[in-house]
Amino acid sequence: MSFPDIRPRRLRRTAALRRLVEETRVAPAELVLPLFVKEGLAEPRPIASLPGIVQHSRESLRKAAHEAVRAGVGGIMIYGVPLNEHKDETGSCGLDPDGILNVAIRDVVAEVGDSSVVMSDLCLDEFTSHGHCGVLTADGSVDNDATLELYARMGVAQAEAGAHFLGTSGMMDGQVGVVRRALDQAGHHDVGVLAYAAKYAGAFYGPFREAVESTLQGDRRTYQQSPGNLREALREVDLDVAEGADMVMVKPALPYLDVVAAVRERVTVPVAAYQVSGEYAMVEAAAANGWIDREAVMLESLTSIKRAGAQIILTYWATEAAQLLRDRI
Ligand code: PBG
Numbered sequence: 008m009s010f011p012d013i014r015p016r017r018l019r020r021t022a023a024l025r026r027l028v029e030e031t032r033v034a035p036a037e038l039v040l041p042l043f044v045k046e047g048l049a050e051p052r053p054i055a056s057l058p059g060i061v062q063h064s065r066e067s068l069r070k071a072a073h074e075a076v077r078a079g080v081g082g083i084m085i086y087g088v089p090l091n092e093h094k095d096e097t098g099s100c101g102l103d104p105d106g107i108l109n110v111a112i113r114d115v116v117a118e119v120g121d122s123s124v125v126m127s128d129l130c131l132d133e134f135t136s137h138g139h140c141g142v143l144t145a146d147g148s149v150d151n152d153a154t155l156e157l158y159a160r161m162g163v164a165q166a167e168a169g170a171h172f173l174g175t176s177g178m179m180d181g182q183v184g185v186v187r188r189a190l191d192q193a194g195h196h197d198v199g200v201l202a203y204a205a206k207y208a209g210a211f212y213g214p215f216r217e218a219v220e221s222t223l224q225g226d227r228r229t230y231q232q233s234p235g236n237l238r239e240a241l242r243e244v245d246l247d248v249a250e251g252a253d254m255v256m257v258k259p260a261l262p263y264l265d266v267v268a269a270v271r272e273r274v275t276v277p278v279a280a281y282q283v284s285g286e287y288a289m290v291e292a293a294a295a296n297g298w299i300d301r302e303a304v305m306l307e308s309l310t311s312i313k314r315a316g317a318q319i320i321l322t323y324w325a326t327e328a329a330q331l332l333r334d335r336i
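At position 270 of the sequence shown (counting the first as 1) the number is 277 in our numbering, and the numbers step up by one without a gap.
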């Protein structure tokens, strides 16, 4: 050994030392739980590719929201799944105040009030017969500006149902600004926008498509981003912030940590990351085979996402992780 005798291992010798110098610690309040509610269900229904996650009935949704809040989870993101026969070309049941998503928002707000942050997905893909995030032109392409009009109305309907924050996840140009203006014109100045600012057209959303019974044929590459593009993500983020986004999100999370870190450097609004269905399913599948330690990988993945710069993490493990983290403090 040379002088001075510098030994980084000194800081790792005991659990107490390691705890003292730990740089990144995930708190339950930073986790947001995505929840699916399906129209007409009497009992929750399992989702095969998302072990442990269900399509909720209205009643079980309220319970799950309550449990999440009791565990200390910071927020809830609600996705509505209509009956198939209610899907149409324009996704009209997504705008209907009595449609499953708006009804569910009211249910959850009645259950948890302001004790948590109730967010709702502002996108048409769960409600359209073709499964795209917007309406289509005659030639079958996604019509950006016609879609914006629907998002504006959908956003106001969700605000009227009581959502605190709206998750604009459709990747249409100008969506944040249009939704912001519509909210303000309707007097909903306090309802915020979580912009799914950098959302990649990758293959990690497979299980989600089962969860929402997606009818999509083809892909979303004309509106979601190509996996290799980082600068384009910063452009998207800049635009969303300029249009009034209160928070921005990167999605997926773990395969895009460099994007999370770059966005964190760039903006002063809170940055979220979405640990998507495919990320969750991979860990669950490996753990079910006994190949990895499920809880350890769960917490390690959340720590990594936070270390990269996400201050808010959407994860299907939110309630369970919150309980585990609380026990560890
Ligand atoms: C679309 C939307 C998607 C997800 C959330 N909102 C999927 C898609 O683009 O098809 C995926 C979330 C996940 O995979 O967990 N509105």
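Even glycine gets a Cβ: it sits at the ideal position worked out from N, Cα and C.
Note that the structure is predicted; figures quoted are calculated from it, not measured.
Non-local C-beta neighbours of Val39 in its own chain, meaning closer than 8 Å and more than five positions away in sequence, comprise Val80, Gly81, Gly82, Ile83, Met84, Val124, Met126, Ala279, Ile319, Ile320, Leu321, Thr322, Ala325, ordered along the chain.
Lys94: not part of any beta strand (DSSP E); DSSP gives it neither H nor E. At the C-beta level, Glu243 and Ala204 come within 7 Å of one another.
Looking at the backbone, the Cα of Val266 and that of Leu237 are separated by about 6 Å.
Counting only beta-carbon distances shorter than 5 Å to the non-hydrogen atoms of the ligand PBG, the qualifying residues in chain order are Cys130, Asp132, Ser176, Tyr212, Phe215, Val283, Ser284. Collapsing the DSSP output to three states places Tyr230 in coil. Going by C-alpha positions, Glu133 is about 33 Å away from Glu272. Fully enclosed alpha helix (DSSP H) runs of no fewer than 4 residues occupy 65 to 78 of the region 30 to 94, in order along the chain.
Looking at Gln231, Arg14, His195, the one whose alpha-carbon comes closest to that of Phe211 is Gln231. With respect to Thr135, Gly98 sits close: the two C-beta atoms are nearer than 7 Å.
Taking 7 Å as the cut-off, the beta carbon of Ala202 is found closer than this to the beta carbon of Ala252. Beta-bridge pairing by DSSP links Ser127 to Ile85, Leu173. In this structure, His73 places its C-beta atom within 7 Å of the C-beta atom of Glu118.
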